């Protein structure tokens, strides 16, 4: 009889424990759902097309063409204005926190924008120097894991304000390490104020022969990350700009057995002459008349290397030592450079090489 009386009590105790467990699970689910609902509310007017987890798929023409078609369908489905623009969260999968924005205006205007977030300096940029009624941009400078306020401002051809609008965006986490968000900044003295451009770290945090995703990171003058660009592996090595286009490498499909010159930078000096950096020969080469009759003007490098090459008479006398440089720059005489840069002088021009290591 005691066992019969105890049995209902055991069932009651078990039921209470079961209900408590269900309640705890439900609380966790409710909290997660609330967080998602809150994020969705903050990003109410910002659409997401979803990106594949495999970065290799992102960097294919098939995927990019598909995204382009989806964007065009959305664009044709409504009349988007400055006050009600088409906004997509990183639709191409190539800029983690960036926003794609597109709209029309009744009159030609140019657009600027400012990104504001608590505890960070504002980030502002002009989106175009031209006046237009059709506007299509990718907004960078947006901070991860943070509620960003983005203010867009239109200016007409008379320099007057033609309207403003604000967006709020709870940006996603970085695809890479959260430690990349902020760098330490050391103050120093300079003859000139820093420009408002971005410092670029081209990625070198993975091995060349693996499939681990790496990133191009762009930082402002305060050391704050303003853009994270995922690449397939290793490093981008260089970025080239052509109007609104940016070119950079994302991976290597194959490796060549020999690259005896390894040209890793090209600088246009004037309309028809360039300097190129040859990393494998540790030489800077100036070439004149590049369009009609290219010829080598001079070489900056090791005299020993160029002996009996036919170019030995063009090698300048070397001041200092350097090897395996990544680029060559021409600067005006008198500018102060960092002490660890290697210097060469010729005809009032200061040529600077940045050592690899």
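Numbering (mature numbering (1 follows the signal peptide of the UniProt record, and there is no 0)), first residue to last: -23 to -1, 1 to 334.
C-beta atoms are modelled at their ideal positions from N, C-alpha and C, and glycine is treated no differently.
Note that this is a predicted model, so its numbers are computed, not measured.
At least three beta-carbon pairs within less than 8 angstroms, the region 52 to 62 to the region 161 to 181 = no
key: Endpoints, the alpha helix (DSSP H) within which residue 43 is located   = The residue given as residue 43 occupies position 66 in the chain shown. Taken as a continuous stretch (DSSP letters only), the alpha helix (DSSP H) holding residue 43 covers 38 to 53.
message = Here's the rule: buried if 16 or more other CB atoms are within 10 angstroms of the residue's CB, otherwise exposed. What is residue 196?
response = By one-based count along the chain shown, residue 196 stands at place 219. Buried, since its Cβ has 16 or more Cβ neighbours within 10 Å.
ask   = Counting along the chain, where does the beta strand (DSSP E) carrying residue 86 start and finish?
value = As a position in the chain shown, residue 86 is number 109, starting the count at 1. It spans 76 to 93 - the beta strand (DSSP E) in which residue 86 sits, taken as one unbroken run.
key: 7 angstroms CB neighbourhood of residue 206 in its chain, flanking five on each side removed   = As a position in the chain shown, residue 206 is number 229, starting the count at 1. Taken in chain order, the residues that qualify are 71, 72, 192 and 193.
request  = Could you tell me which of 303, 172, 178 and 236 sits nearest to residue 261, measuring between CA atoms?
outcome  = Taking the chain shown and counting its residues from 1, the one referred to as residue 261 is at position 284. The residue with the shortest Cα to Cα distance from residue 261 is 303.
key: DSSP-derived helix/strand/coil call for residue 34   = Numbered from 1 along the chain shown, position 57 holds the residue referred to as residue 34. In this structure, residue 34 counts as helix in the three-state DSSP scheme.
query = Tell me which same chain residues have a C-beta within less than 6 angstroms of the C-beta of residue 140, skipping the five on either side of it?
reply = Taking the chain shown and counting its residues from 1, the one referred to as residue 140 is at position 163. Here the set comprises 59 and 131.
key: residue 191 - partner residues in DSSP beta bridges   = For the purposes of this step, residue 191 is taken as the residue at position 214 of the chain shown. DSSP output for residue 191 lists 208 as bridge partner(s).
query = Pairing CB atoms from the region 112 to 119 with CB atoms from the region 74 to 82, are three or more of them under 8 angstroms?
reply = yes
ask   = Apart from the five residues on each side of it in sequence, which residues of its chain come closer than 7 angstroms, Cβ to Cβ, to residue 85?
value = Position 108 of the chain shown, counting from 1, holds the residue named residue 85. The residues are 108, 109, 110 and 134.
query = So what does DSSP say about residue 105, is it helix, strand or coil?
reply = Along the chain shown, read from residue 1 onward, the residue named residue 105 stands at position 128. Here residue 105 sits in coil by DSSP.
message = Taking DSSP's pairing of strands, which residues face residue 273 in a bridge?
response = By 1-based counting over the chain shown, the position of residue 273 is 296. 264.
task = Measure the CB-CB distance between residue 354 and residue 144 and report whether it falls below 8 angstroms.
result = The displayed coordinates of the chain run from -23 to 334. Any statement about residue 354 would go beyond what the structure contains.
task = Could you tell me if residue 238 is buried or exposed, where buried requires 16 or more neighbouring beta carbons within 10 angstroms of its beta carbon?
result = Taking the chain shown and counting its residues from 1, one reaches residue 238 at position 261. Flag for residue 238 reads exposed.
inquiry  = Using C-beta distances below 7 angstroms, list every residue in its chain close to residue 35, excluding the 5 sequence neighbours before and after it, in chain order.
reply    = Your numbering for residue 35 matches position 58 in the chain shown. Counting only Cβ-Cβ distances below 7 angstroms, and skipping sequence neighbours, we find 28, 29, 70 and 71.
ask   = Of all the options 127, 290 and 41, which has the alpha carbon lying nearest to the alpha carbon of residue 22?
value = Within the chain shown, numbered from 1, the residue matching residue 22 stands at position 45. Looking at the Cα atoms, 127 is the closest of the given residues.
message = Please state whether the Cβ-Cβ distance between residue 148 and residue 120 is less than 8 angstroms.
response = Residue 148 sits at position 171 when you count from the first residue of the chain shown. Residue 120 sits at position 143 when you count from the first residue of the chain shown. Their beta carbons are under 8 angstroms apart, which means residue 148 touches residue 120 by this criterion.
request  = With a 10 Å radius around its C-beta and 16 neighbouring C-beta atoms as the bar for buried, classify residue 278 as buried or exposed.
outcome  = Start at 1 with the first residue of the chain shown, and residue 278 comes out as number 301. Buried.
query = Between residue 307 and residue 256, which are expected to be in contact by the criterion C-beta below 8 angstroms, what is the C-beta distance as a whole number of angstroms?
reply = Translated into positions along the chain shown, residue 307 becomes position 330. Translated into positions along the chain shown, residue 256 becomes position 279. Not a contact, Cβ separation roughly 18 angstroms.
query = Which partner residues of residue 135 appear in the DSSP bridge assignment?
reply = On the chain shown, residue 135 is found 158 positions in, with the first residue counted as 1. Partner(s): none; residue 135 has no beta bridge.
message = Excluding the 5 residues flanking residue 89 on each side, which residues of the same chain have their C-beta closer than 6 angstroms to its C-beta?
response = As a first step, residue 89 is located in the chain shown; it is residue number 112 there, counting from the start. Within the same chain, residue 89 has close Cβ partners 103 and 130.
Proximity to residue 242 [Cα-Cα], best of 213, 228 and 222 = Mapped onto the chain shown, residue 242 falls at position 265. Cα-wise, what sits closest to residue 242 is 213.
ask   = In chain order, what residues of the same chain lie with their CB nearer than 6 angstroms to the CB of residue 311, ignoring the 5 residues before and after it?
value = Position 334 of the chain shown holds residue 311. Caution applies to residue 311, whose pLDDT of 43 falls short of 50 and renders its modelled position unreliable; the value that the coordinates give is listed next. Nothing meets the Cβ criterion.
ask   = For residue 113, which of helix, strand or coil comes out of DSSP?
value = Taking the first residue of the chain shown as 1, we reach residue 113 at position 136. Residue 113: strand per DSSP, three-state reduction.
task = Look at the Cβ atom of residue 158, then the Cβ atom of residue 202, and state whether they are nearer than 8 angstroms.
result = Taking the chain shown and counting its residues from 1, the one referred to as residue 158 is at position 181. Taking the chain shown and counting its residues from 1, the one referred to as residue 202 is at position 225. Yes, the Cβ-Cβ distance between residue 158 and residue 202 is below 8 angstroms.
task = Identify whether residue 25 lies in helix, strand or coil by the three-state DSSP scheme.
result = Within the chain shown, the letter at position 48 stands for residue 25. Three-state DSSP puts residue 25 in coil, outside helix and strand.
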